[in-house]
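Chains as they are written, first to last, in UniProt numbering: chain G, 1 to 468; chain B, 1 to 468.
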């Protein structure tokens, strides 16, 4: 437990006024979370545009009320919310990044309770956005608001950048970032949009995978054909789509696109070793997601596959007759949405070229394909030994009663790599969620105990960073 | 032209009263077709049940009004309509088979005019069911009704069996057939539910492919997962579905299911030779369906692939996020509708077993599959040299001005093989449609010229059969 001792050594209590404000605020913290979760801010659904704006305004009003200096920056998409506390000369500056948009809730029939009518069951709040990211980003907003309300001076300046397009690629923030560089200048970006390693095992996340998303359209005859009169003589686009997608993955779970692994950074032995010590249990993991067993790239552990190896997933398939009953049709077209997770050194633009030549090589006769890249971003790594990572360990141990483990996360926060580049800052990924919180899935949830510990850890973090 | 001479030699004009009744009836024939086409009798859509019954009643009333002896036989599904003209001692008995149900019209957005609001454009009526089968079966009903109205005695007894479940497998007719054997006793079954070989090239169809339809369900995790946190570690059901379906077909267009070709009857050389003489043009054929080029089983011509070789087509694909925008999800499940066309000697039940062992062998780890067979039926062959085929040649030449070619058809009329077996009768397949009539597709149509020629040929057929 050397890490824990080292942490404790630099630990210190919060000012009593802040602590009591936090302790008395729990009900209010939960009520505000539930209020925010009721707003269906689905950024990918054009019919929800007003709701996304409403979610932004809700947050803006809350930060204004708390006395933060706020600004709503209009973009071609949804507004960028920027806020900050007063400067603290000599102390570092922390920037909290998060998002107020959420994933689509479909398939709706799999939700136990409606996605935008939050309910609390056995200590967990169920709603779209509960853990990704409203519940998690709110922990930092609550901690800062309570610091301010306590009358105690914050030991450092805290800025906020909360956007509304994280679930659709953060393009507008990406474009605006250089212009905002001065306004957002900071020493460390703090992000809570991921998970603990397991219940009761908080983590500092030192790496994220990148992402590249695509839609593939496959066309054959100009209209649907009778499968009797034409079947066997005319190429079937749905079969061609299956053949093209299947050709991208081999039986060992390796991606079968030529050149894809050329620029994949190997996993440092020190991390592979550390991750093995986490004692992952594949059977437990499989049952936690309801799968009969796990399956992935041969030669790697589950954590290595999730955190540090490239992956390819089909996100959606569409073709022909999907309604009730039989329709013996040879469909004119078929399409798929699919996406890759990328690891350090992989370049989404290069990947697109590799996919195009793969499709060119594998497309059957009589079939035309069109590949539409959506958004892409490289992977991101953070220094597990930075002063900020050490400060986070202190704060997390105070709030959770145990020091965090150092892990990576398989998801992507495309903008973080850009922060490092444009703002030249460190990154601190502190996930308060759990792997089974069902982000992007039906019945998304967030443990209220984790929510409150997250608020406590956040409040302690500001002090730990300042005194680190 | 020996065939043509031989036909002419046994040709004879229709009674003047019948001919003038036909000539004066064209407007009425078209008006009634359009009236019938307006009824959306989609047998596979439970919400259309009343419409299917309405289409049956429409026909029943028409046959009653014409003086046919009719009967509507209730089943667990839609009624079987049986009708007949008076017996003619010493003359053969013909049974006209057809169906009043239609395929679903989807995708609706590809229809130039609504599927159930028939419109005539450049001599063709556009509507779901125009060619399959309302327009075609109506040619026989019109010809018989006009014979009856003309006051001239029909030279043979004609029976009708019109069902409402042809597009969903004719299960109820199949069950009822033995019980109806006496009522339907006949020498030849006449069916018009297929196509001419080409415009101006009428045909007698001497064979149909069989059919076997399936739905495949693939399940992985119990709920949709975040493709970032789990991608690479948990098998993707949509990818598994693609791999399973792609594994059923090889690059040469051959079906890759072990044992499938074991019981496939080879194509008789005499037919292969005759078909080559038809002078099919692949480029013309490809452009007629809007495909850049044709693709099918190596070593066979297009007509051989369509008419006499087994085929596998995916009819529909469903998985994950199909809506607007990006959703980086690892879907919990995926499903496909797919169907085979079978050739003589293939048994649908045996095929189901072959598919199950194929799925068993190819299913990736962490994935569960469920195969749901829907309906199946063997292929059917008819004698191209029967007295009925010769009589049809005479009638067709009189109506179309050219003798028919002898072909097969790739589609299936599952019940015909059962007719041969239970009623011990010949089959006469006289398709008045065209390959580009878009049966089972958007913008289904039927040429009014072919419609009227079909009525004329049908009227002559009764005389030709009686005098054959």
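Glycine residues also receive a C-beta, built at the ideal position from the N, C-alpha and C atoms. In this text the structure is predicted, and so the values were computed from the model without any measurement.
In whole angstroms, what is the alpha-carbon distance linking residue i and residue j?
{"i": "residue 103/B", "j": "residue 53/B", "result": "15 angstroms"}
{"i": "residue 36/B", "j": "residue 207/B", "result": "29 angstroms"}
{"i": "residue 92/B", "j": "residue 186/B", "result": "7 angstroms"}
{"i": "residue 458/G", "j": "residue 86/G", "result": "18 angstroms"}
{"i": "residue 286/G", "j": "residue 292/B", "result": "45 angstroms"}
{"i": "residue 404/G", "j": "residue 424/G", "result": "25 angstroms"}
{"i": "residue 283/B", "j": "residue 372/B", "result": "37 angstroms"}
{"i": "residue 262/B", "j": "residue 356/G", "result": "39 angstroms"}
{"i": "residue 401/B", "j": "residue 359/B", "result": "52 angstroms"}
{"i": "residue 385/B", "j": "residue 300/B", "result": "25 angstroms"}
{"i": "residue 455/B", "j": "residue 142/B", "result": "7 angstroms"}
{"i": "residue 288/B", "j": "residue 198/B", "result": "11 angstroms"}
{"i": "residue 441/G", "j": "residue 214/B", "result": "29 angstroms"}
{"i": "residue 89/G", "j": "residue 418/G", "result": "26 angstroms"}
{"i": "residue 279/G", "j": "residue 22/G", "result": "34 angstroms"}
{"i": "residue 58/B", "j": "residue 41/G", "result": "52 angstroms"}
{"i": "residue 311/G", "j": "residue 328/B", "result": "12 angstroms"}
{"i": "residue 374/B", "j": "residue 324/G", "result": "12 angstroms"}
{"i": "residue 421/B", "j": "residue 63/B", "result": "28 angstroms"}
{"i": "residue 118/B", "j": "residue 108/B", "result": "14 angstroms"}
What span of residues does the beta strand (DSSP E) with residue i cover, start to end?
{"i": "residue 315/B", "result": "311-320"}
{"i": "residue 212/B", "result": "210-219"}
{"i": "residue 336/G", "result": "333-342"}
{"i": "residue 70/G", "result": "69-73"}
{"i": "residue 369/G", "result": "368-377"}
{"i": "residue 188/G", "result": "188-191"}
Can you give me the Cβ contacts of residue i inside the same chain, cut-off strictly under 8 angstroms, excluding the 5 residues immediately before and after it?
{"i": "residue 362/G", "result": "243, 244, 247"}
{"i": "residue 298/B", "result": "252, 253, 254"}
{"i": "residue 2/B", "result": "Because the pLDDT of residue 2/B is 38, which lies under 50, any placement of that residue in the model is unreliable, and the number read from its coordinates should be weighed accordingly. So no residue of the chain qualifies."}
With a threshold of 6 angstroms on Cβ separation, who are the neighbours of residue i within its own chain once the five nearest residues in sequence on each side are excluded?
{"i": "residue 478/G", "result": "What is shown of chain G runs 1 to 468, which leaves residue 478/G out entirely."}
{"i": "residue 98/B", "result": "133, 137, 162"}
{"i": "residue 296/G", "result": "253, 305"}
{"i": "residue 78/G", "result": "52, 164, 165"}
{"i": "residue 39/B", "result": "51, 54, 55"}
Determine whether the beta carbon atoms of residue i and residue j lie at a separation below 8 angstroms.
{"i": "residue 330/B", "j": "residue 217/B", "result": "no"}
{"i": "residue 437/B", "j": "residue 195/B", "result": "yes"}
{"i": "residue 389/B", "j": "residue 428/B", "result": "yes"}
{"i": "residue 274/G", "j": "residue 160/G", "result": "no"}
{"i": "residue 164/G", "j": "residue 100/G", "result": "yes"}
{"i": "residue 190/G", "j": "residue 95/G", "result": "yes"}
{"i": "residue 234/G", "j": "residue 221/G", "result": "yes"}
{"i": "residue 431/B", "j": "residue 409/B", "result": "yes"}
{"i": "residue 228/B", "j": "residue 412/G", "result": "yes"}
{"i": "residue 68/B", "j": "residue 135/B", "result": "no"}
{"i": "residue 460/G", "j": "residue 395/G", "result": "yes"}
{"i": "residue 60/B", "j": "residue 463/B", "result": "no"}
The alpha helix (DSSP H) with residue i in it runs from where to where?
{"i": "residue 121/G", "result": "Run containing residue 121/G: none in the alpha helix (DSSP H); it sits in the beta strand (DSSP E), 119-121."}
{"i": "residue 465/G", "result": "448-467"}
{"i": "residue 62/G", "result": "49-65"}
{"i": "residue 476/B", "result": "Since the displayed chain B opens at 1 and closes at 468, residue 476/B lies outside it and no answer follows."}
{"i": "residue 282/G", "result": "282-288"}
{"i": "residue 245/G", "result": "237-246"}
{"i": "residue 438/G", "result": "Where residue 438/G is concerned, there is no enclosing alpha helix (DSSP H), given that its DSSP letter is neither H nor E."}
{"i": "residue 388/B", "result": "387-400"}
{"i": "residue 96/G", "result": "Unbroken run through residue 96/G is the beta strand (DSSP E), 93-99; no alpha helix (DSSP H)."}
Can you name, in chain order, every residue of its own chain whose Cβ lies under 7 angstroms from the Cβ of residue i, other than the five neighbours on each side?
{"i": "residue 76/B", "result": "172"}
{"i": "residue 370/B", "result": "217"}
{"i": "residue 183/B", "result": "82"}
* Asked: Quick check: the stretch 340-359 of chain B against the stretch 336-343 of chain G, are there 3 or more CB pairs under 8 angstroms?
  -> no
* Between the stretch 12-19 of chain G and the stretch 142-153 of chain G, do three or more beta carbon pairs fall short of 8 angstroms? -> yes
* Does the stretch 133-146 of chain G touch the stretch 347-355 of chain G, meaning 3 or more C-beta pairs lie closer than 8 angstroms? -> no
* With a cut-off of 8 angstroms, do at least 3 Cβ pairs link the stretch 127-137 of chain B to the stretch 442-449 of chain B? -> yes
* To do: Inspect the CB distances between the stretch 312-332 of chain B and the stretch 305-319 of chain G and report whether three or more fall short of 8 angstroms.
  => yes
* How do the stretch 106-118 of chain B and the stretch 166-180 of chain B stand: do at least 3 beta-carbon pairs fall below 8 angstroms, yes or no? -> no
* Residues from the stretch 425-452 of chain B in contact with chain A, defined by Cβ distance under 8 angstroms -> Of the chains in the structure shown, none is chain A; the protein chains are G and B.
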